[in-house]
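Taking my numbering, the leading residue of the first sequence gets 4, the next gets one more, and so forth.
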Amino acid sequence: MKYDYKVIEKKWQDIWDEKQPFAAKNDYTKKKYYALVEFPYPSGAGLHVGHPRPYTALDIIARKRRMQGYNVLFPMGWDAFGLPTENYAIEHKMHPADVTRNNVARFKGQLKSLGLSFDWSREINTTDPAYYKWTQWIFLRLFRKGLAYKKDMNVNWCTHCKVVLANEEVIAGECERCHGEVVHKTKSQWMLKITDYADKLLDDLDTVDYVERVKLAERNWIGRSYGAEVDFDTTAGDKLRVFTTRADTLFGATYMVIAPEHPFVDKWKDKLKNYDALMDYRGMAARKSEFERAELVKEKTGVMLDGVKAVNPVTGKEMPIFVSDYVLVTYGTGAIMAVPAHDERDYEFAKTYNLPIIEVVAGGDISKEAYTDVSEGKMINSGFLNGLDVAEAKEKMAEYLRAHNIGDRTVKYKLRDWVFARQRYWGEPVPLVWCEHCGWQPVPESELPIKLPEVATYEPTDNGESPLATITEWVNTTCPKCGADAKRETDTMPQWAGSSWYFLRYCDPHNDNEMASREAMDYWMPVDWYNGGMEHATLHLLYSRFWAKFLYDEGLLSCPEPYLKRTAHGMILGEDGEKMSKSRGNVINPDDVVNEYGADTLRLYEMFIGDFEKSAPWSTNSVKGCKRFLDRFAVLDEMIVREKDEELERELHRTIKKVTSDIEDMKFNTAIAAMMSFMNSVYAKGGIDIESLKSFTIILCPFSPHICEEMWASIGGKGLCSLALWPVYDEEKIKVTEIEIAVQINSKVKFTLSLPAGCDEESAYDIIEKSGKLNQYIEGKTIVKKIYIKDRIFNIVIR
RNA sequence: GCGGAUAUGGUGGAAUGGCAGACACGCUGGUCUUAGGAACCAGUGCGCAAGCUUGCAGGUUCAAGUCCUGUUAUCCGCACCA
């Protein structure tokens with residue numbers, strides 16, 4: 004057939020549009036399969052060449068499942084709230100909704116041009132009021148359960164975007180998006196208590212099939228550590244509580260450190276002779292950007308509290324208390340007991356300020372460095388702990404603390420609550436009302452969605468208020484409880500909100516009465532296979548698992564984990580091996596590739612480029628190789644022969660087997676290599692029978708669907724190739740009668756020989772001996788050992 | 001600093017402990033062409049050879065790219081988390 008990819012691809016895309024072969028059926032009696040890719044943020048830049056990689060991969064899975072008889076849900080939508088759109092709108096004096104509409108249209112066109120088998124009838128958009136109604140609805144449920152709360156807190160403030168950032172959005176002291184400087188600022192913020200779910204989020208990772216590196220990233224991010232809280236008496240009368248994982252070293256505690264923001268500094272104001280100096284230090288620490296704070300790791304600074312001392316509960320000794328920014332107010336209790344002999348940071352600080360260092364675990368050389376090893380070493384200088392190893396000492400100390408009512412075991416997490424508010428326009432309004440008399444009140448469900456009002460200007464304000472705050476007619480309302488004058492919350496939700504539950508909406512996307520019907524969710528959920536970027540392991544993935552778990556606890560969802568399986572694709576780099584970026588000028592535009600080579604080639608190439616999980620550099624030359632393969636495939640219908648060739652049939656079945664299993668293992672590159680090999684054999688034979696060509700067309704179809712539809716039609720296939728039955732290989736047909744094996748002498752290959760398949764050792768040796776090739780190697784030597792691996796190798800060890 | 005990953009021809013990459021380099025690119029030569037950045041055919045790890053080859057050094061094994069120990073380099077994540 005003639006392979007005019009532009010004509011063919013348009014033709015089949017139109018047919019798919021019209022016939023809707025990829026629409027998921029609402030027949031809940033069928034076996035289902037839910038394949039999901041992360042929905043994109045429709046940026047102004049259009050589709051990136053990195054997008055088609057995961058999309059094609061799951062498209063292949065989805066297409067194969069359909070061909071295997073599953074009712075497949077493979078949906079797509081738009082995660083369209085967010086700053087770039089808003090900034091673009093401001094810059095070009097447009098409405099963010101219009102910008103979004105344009106970008107979505109562009110993205111959709113691009114995705115359609117790739118022949119992805121999405122069910123477009125279920126398309127969703129997080130900025131659609133019919134969608135964010137339910138985002139707000141879920142938020143209200145969180146609020147009613149006490150999982151949403153407002154708190155004055157030290158937040159990360161991007162000085163450039165003029166917006167509060169979540170901890171997750173701060174990378175090395177810079178804003179994740181604009182790389183602007185991030186400073187600390189105190190603001191009253193809506194928070195979501197994700198920490199309530201820390202244990203479940205961590206423990207349930209054992210129940211799901213995620214690639215290990217994703218699990219690891221989540222585990223590290225949640226950062227559970229077992230330790231103890233210990234109360235230290237102070238000369239001020241208050242008990243200073245610390246968290247430690249090394250209660251065993253309590254005898255070695257020689258001073259205390261509290262965070263500069265610790266409330267005791269204020270509480271003890273009257274007792275502190277150097278209060279001003281402490282305030283200066285606190286101010287200095289706050290002014291430091293995250294970046295400086297991280298950079299200054301090596302130089303520890305601090306100020307000693309003059310006027311209050313602490314007492315070590317086991318030694319009875321008085322100890323000085325310092326403030327230092329190496330102790331974080333946000334972790335543990337914001338205070339530590341310092342054991343310089345066995346903690347590197349404390350050691351460094353103690354050296355700087357000339358504080359005593361007492362060794363309590365023998366085994367290191369504390370004149371040189373802190374000894375932090377917990378696996379060996381016995382307790383010394385530690386009263387009732389002496390002679391124990393560290394693990395035993397921890398146990399015994401925990402008992403002691405409990406018995407004397409000065410502390411107890413506890414668990415702490417690195418994970419912090421989720422800052423769930425942005426002072427920006429283009430997000431879901433937080434559906435709450437502030438009443439002087441009744442406090443924060445949820446908007447009645449009947450009033451949802453609280454829509455974004457039309458405003459003249461979206462510019463962020465310097466005082467950190469949302470632009471919504473300036474629209475008095477929107478802000479002013481009445482209290483849903485008492486009817487008095489009240490004000491709406493003007494903050495909007497962060498971009499992560501809409502994506503935290505979108506996989507549920509796909510189950511039943513046009514439902515006006517519920518986020519999705521229970522029946523639909525029970526059928527489709529959980530997602531069978533979810534693929535996305537590594538960068539979302541600690542953000543989106545954790546957030547959406549949290550929401551799913553919450554909805555499960557609310558009895559609204561039947562599965563405690565939303566995703567059964569999670570894989571992560573590697574990045575596509577520029578031809579220079581560097582990350583693609585405008586500034587480097589190494590960006591490849593997928594539209595150009597589709598234009599020049601066709602979507603089928605782009606798809607095939609992106610799957611052939613290398614290990615799906617690893618990043619790989621773009622290579623225009625290799626794209627041509629894939630195009631060449633399709634060009635050669637396109638004329639197979641002119642090479643049809645009447646007779647089946649036994650060898651070719653064997654290879655076909657071997658190829659079907661390999662492609663079938665490789666797709667499941669995401670080894671798309673070797674699946675394609677196998678198909679290329681098969682086609683090379685067809686060319687070598689000079690022809691192929693029609694049945695074999697049909698099977699070959701079907702297994703290639705998920706990779707390059709347009710050309711396969713065309714081929715299928717050309718060779719008289721019934722219906723759409725995309726819906727043809729996936730071929731089953733016949734193990735009998737794969738069997739061979741003769742296999743070439745390698746004959747080794749002392750583990751070195753000397754020659755190869757053809758043996759009957761499955762032949763036993765004795766007859767194998769017999770044939771080798773009779774071949775006459777062996778004599779020259781073993782003449783005059785003794786055979787010490789013979790190792791025969793069936794169908795593989797025969798190793799003769801001689802002396 | 002902690003954690004993770006990776007290292008194979010000129011290039012991207014294949015190899016349940018069993019013939020390293022599948023498949024593809026590139027390159028070389030050829031055929032057909034007025035022409036080739038088209039198509040097709042042949043060759044292609046290195047070395048003149050004996051032989052040598054999976055970052056480096058050891059080890060286990062009849063047999064190691066693969067397992068173990070150490071080491072180097074690169075990339076990624078987290079980063080004063082007590």
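Beta carbons: idealized from backbone N, C-alpha and C, even for Gly.
Since this is a predicted model, take the numbers as computed values, not measurements.
Linking T495 to R427 through their CA atoms gives a straight-line distance of about 6 Å. If you draw a straight line from the Cα of V746 to the Cα of V214, it is about 40 Å long. Rounded to the nearest whole angstrom, the CA to CA distance from A760 to E649 is 17 Å. Using a 10 angstroms sphere on the CB of D640, the tally of other CB atoms reaches 16 or more, which defines it as buried.
At a Cβ-Cβ threshold of 8 Å, P57 and H709 do not count as neighbours.
Per the C-alpha coordinates, the member of L455, K484, P463 positioned closest to W477 is L455.
Using a Cβ distance threshold of 8 Å, V326 and L281 count as a contacting pair. Beta-carbon to beta-carbon, V107 and T88 are separated by about 10 Å, too far to satisfy the 8 Å threshold.
The C-alpha of G390 lies about 13 Å from the C-alpha of T252.
Residue pairing by DSSP places R412 opposite A231 in a beta bridge. For C161, the uninterrupted beta strand (DSSP E) run begins and ends at 151 to 161, by DSSP. The residue among E232, R802, L758 with its C-alpha nearest the C-alpha of I409 is E232. Remark: fewer than three beta-carbon pairs, one from each stretch, lie closer than 8 Å, so the segment 358 to 370 and the segment 264 to 273 are not flagged as touching. D346 carries a coil assignment under DSSP once its states are collapsed to helix, strand and coil. Only residues of its own chain outside the window of five on either side were considered, and among them P24 have a CB closer than 6 Å to the CB of L726, listed in chain order. DSSP links I786 through a beta bridge to I801.
Counting every other CB atom within 10 Å of its CB across the protein chains shown gives N516 a total below 16, marking it as exposed. For P57, the uninterrupted alpha helix (DSSP H) segment begins and ends at 55 to 70. Nearest Cα to M307 within the set V332, L331, A353, Y334: A353.
The segment 713 to 722 makes no contact with the segment 673 to 683; the number of CB pairs closer than 8 Å stays below 3. Burial of I261 is indicated by the presence of at least 16 other C-beta atoms within 10 angstroms of its C-beta.
Between G335 and K415, the CB-CB gap stays under 8 Å. By DSSP's assignment, I718 forms no beta bridge with any residue.
Straight across, the Cα-Cα distance linking G226 with W140 is about 30 Å. Around the beta carbon of T623, fewer than 16 other beta carbons sit within 10 angstroms, so the residue counts as exposed. Two segments are said to touch when three or more pairs of C-beta atoms, one from each, lie closer than 8 Å; by this definition the segment 595 to 607 does not touch the segment 558 to 578.
Counting the other CB atoms within 10 Å of its CB gives Q113 a total of 16 or more, which places it among the buried residues.
Relative to E468, the option among D212, N315, V167, E741 whose CA is nearest is V167. With fewer than 16 other beta carbons inside 10 angstroms of its own, F387 counts as exposed. With respect to the 8 Å criterion, V158 and K190 are classified as neighbours on the basis of their beta carbons. Comparing C-alpha distances from K552 to each of R412, M4, P529, K617 shows the shortest one belongs to P529. Taken atom to atom, the span from the alpha-carbon of Y278 to that of Y91 is near 48 Å. Taken through DSSP and simplified to helix, strand or coil, N592 comes out as coil. Minimum Cα-Cα distance from F754 among the listed residues E402, G690, C724, I799 corresponds to I799.
According to the DSSP assignment, F699 belongs to no beta strand (DSSP E) but to the alpha helix (DSSP H) extending over 693 to 703.
Distance check between L545 and each of R222, K788, M70 places R222 closest, using alpha-carbon atoms only.
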